[in-house]
Structure formats: C-alpha cells, structure tokens
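Peer 1:
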C-alpha cells in the first residue's frame, strides 16, 4: 500500500507517510532515501560513543546539536538535523555540468579497499560520508557534496574548455610551471588540465581587502623562517581571520606591515576581478559563493 501523486511522481509507503515532517519539533523518526533504515533522533543527554561525525558535513556530532542516528546496526550513520533539511527530500536523477551524461544520486559509497575519488577535486571520499554517485554500478563518477555545488568557471586562451576554480584539491600538477599544488587551482575536469592561480596570466597580483589599509600582493611567504620550518609545533596565522594557516600555501601580503591574508579570504575579490576585468572571456557558473 502506498500514497501516490501522479502530477509530481511522488510515492510514499504508508509507514513513511505517517512519519512526522522534519519541521515538527516532535519528529523522533525520519526516513531519507540516502539510507535504507529509519533514522531516530538522539536525545541531548544520550552517549554517542567516540566522537561520531555527521555523514553530510563530516563535523563532530556534539550532544547539544539535534542529530539523527540509524535505528539499526549502522554505527557510523549520524546526520545533523540541520544538515538533513539541506538535503534533497527525494531521490531524483541529479545532473551536473561537469559531465551531464551521468545520472547521480546521494548515497554512501560502498566500503572496500579501493578509495573512491571525487571527480572534481581528486581527493578521496570517505566511505562513511554521503556523496553524489553515478547510478551505474561500474561507473567511477563521484562528487563530494560540497563539490557538487556550482563553482565559478572562466575561459583561458590556452585551453578549449572552461576552467573551474577549486579552493582545495589533492596534489595536482600545474601545466604551466610543473609544480604540485593543493589550493586554488583552475581545472578542466574532462582533460585533467590544471593551472595554479599564481600562474594564470590574468590573475590579479595586487588586490585591496577590507581587513587592511594597503594593497596586498599575491606571493609565497616572503619570510624565510616560515619556508624553512618543518617543526610540527610551529604555528602560522592569517592576520585577517586570526586562524592557523599552512605556511606553504599562497598568500596576499603587505611588505610594509608584514600583513598576511590567506587567499581564501580574497576568493570573492578574485571572482569579482575576473567578472569586471575579463567579462568578455568569462562564462560564470557561480550560484553560491563562499561566505565572507
């Protein structure tokens, strides 16, 4: 027995139709297509075990955050209530501009000795996390949930396809300088063609940022002690957010004040620069930009 809507192609088993909606404060059990079992709400005072992580955002499920857990034997399946409401509510054939020939669904990848990689950023996908995966069982097209979101793309005269700007990747080799990088890569996914942001001729070498009075220059760290430091205890900070940073990543730098800003905090400025200065070359696919 089931309920069905012909206009929407929506089908519900009777037992699923009886579940309260996620908006209800009384929702103690829910069902989501990404998992075969019912998910039960964990009470705030319930013991989780050893720091379980949400299968959507990969963040630790704190006792104060409303969290759903598999009601059966899937000990790894925890899902923040706040993450659940952001997921699609039904399984449809998702498409992505990276390769629209694939029909994708949100699922946990099967656990095995072979690490699945994300088609966009080339990083491994933890088998305990949700990901977009091609419905064809033999296909290896997978995307992190974050990598599925539309990203800015630009055209480059040295390549026939648009290049997508990725904030973080696995080690990929820049085709212009031959050096491996993990951050801020312009990448053609079908061709595995990669350009480091610093090597792109049109990339802004100098920008203004609201956190500092003077212009900032794109560079590697000019501080010798940073580049030569291999001590695990050494800590280096971004002056804009006052958080730890990797000393080997590119920065925007004011030499007069020795002021350092991570490139990620200038991401919106970079996109704006490409739009204004090179709008005759740009195909913008950006729907959502990083928060500032």
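Numbering (the UniProt record's numbering), first residue to last: 1 to 292.
Think of the CB as a built atom: it goes at the ideal place given N, C-alpha and C, for glycine as much as any other residue.
Return the chain-ordered list of same chain residues with a C-beta closer than 7 angstroms to the C-beta of residue 303, the five sequence neighbours on each side being excluded.
Peer 2: With the chain running from 1 to 292 in the structure shown, residue 303 is simply not present.
Peer 1: Hey, residue 209 and residue 252: beta-carbon distance below 8 angstroms or not?
Peer 2: Locating residue 209 in the chain shown gives position 209, counting from the first residue. Locating residue 252 in the chain shown gives position 252, counting from the first residue. Yes.
Peer 1: Among all the DSSP beta bridges, which residues are the ones paired with residue 167?
Peer 2: Walking along the chain shown from the start, residue 167 turns up at place 167. BP columns for residue 167 are empty, so no partner.
Peer 1: Within 10 Å of its beta-carbon, does residue 67 have 16 or more other beta-carbons around it, so buried, or fewer, so exposed?
Peer 2: The residue you call residue 67 lines up with position 67 of the chain shown. Counting Cβ neighbours within 10 Å, residue 67 comes out buried, since at least 16 surround it.
Peer 1: Going along the chain, which residues of its own chain have a beta-carbon closer than 8 angstroms to the beta-carbon of residue 214, five neighbours each way excluded?
Peer 2: The count along the chain shown starts at 1 and reaches residue 214 at position 214. Closer than 8 angstroms at Cβ, skipping near neighbours: 254, 256, 257 and 259.
Peer 1: Cutting at 8 angstroms between CB atoms, please list the residues of its own chain near residue 124, excluding the five before and the five after it.
Peer 2: Position 124 of the chain shown, counted from the start, is the residue given in the question as residue 124. Contacts found: 115, 116, 117, 118 and 170.
Peer 1: Which residue wins for smallest C-alpha separation from residue 41, given the options 4, 263, 168 and 80?
Peer 2: If you number the chain shown from 1, residue 41 lands on position 41. Closest option to residue 41, Cα to Cα, is 80.
Peer 1: Note down the Cα distance separating residue 143 from residue 109, rounded to an integer number of angstroms.
Peer 2: Position 143 of the chain shown, counting from 1, holds the residue named residue 143. Position 109 of the chain shown, counting from 1, holds the residue named residue 109. Residue 143 and residue 109: Cα-Cα distance of roughly 11 angstroms.
Peer 1: May I have the straight-line CA-CA distance separating residue 103 from residue 95, to the nearest angstrom?
Peer 2: For this step, residue 103 is matched to residue 103 along the chain shown. For this step, residue 95 is matched to residue 95 along the chain shown. Taking the straight line joining both Cα atoms gives about 6 angstroms.
Peer 1: Mapping the DSSP letters down to three states, classify residue 156 as helix, strand or coil.
Peer 2: Taking the chain shown and counting its residues from 1, the one referred to as residue 156 is at position 156. Reduced to three states, the DSSP call for residue 156 is coil.
Peer 1: Taking its Cβ as the centre, do 16 or more other Cβ atoms sit within 10 Å of residue 72, making it buried, or is it exposed?
Peer 2: Numbered from 1 along the chain shown, position 72 holds the residue referred to as residue 72. Exposed: under 16 other Cβ atoms inside 10 Å.
Peer 1: Relative to the alpha-carbon of residue 128, which residue among 101, 185, 212 and 145 has its alpha-carbon at the smallest distance?
Peer 2: For the purposes of this step, residue 128 is taken as the residue at position 128 of the chain shown. Comparing Cα-Cα distances from residue 128 to each of 101, 185, 212 and 145, the minimum goes to 145.
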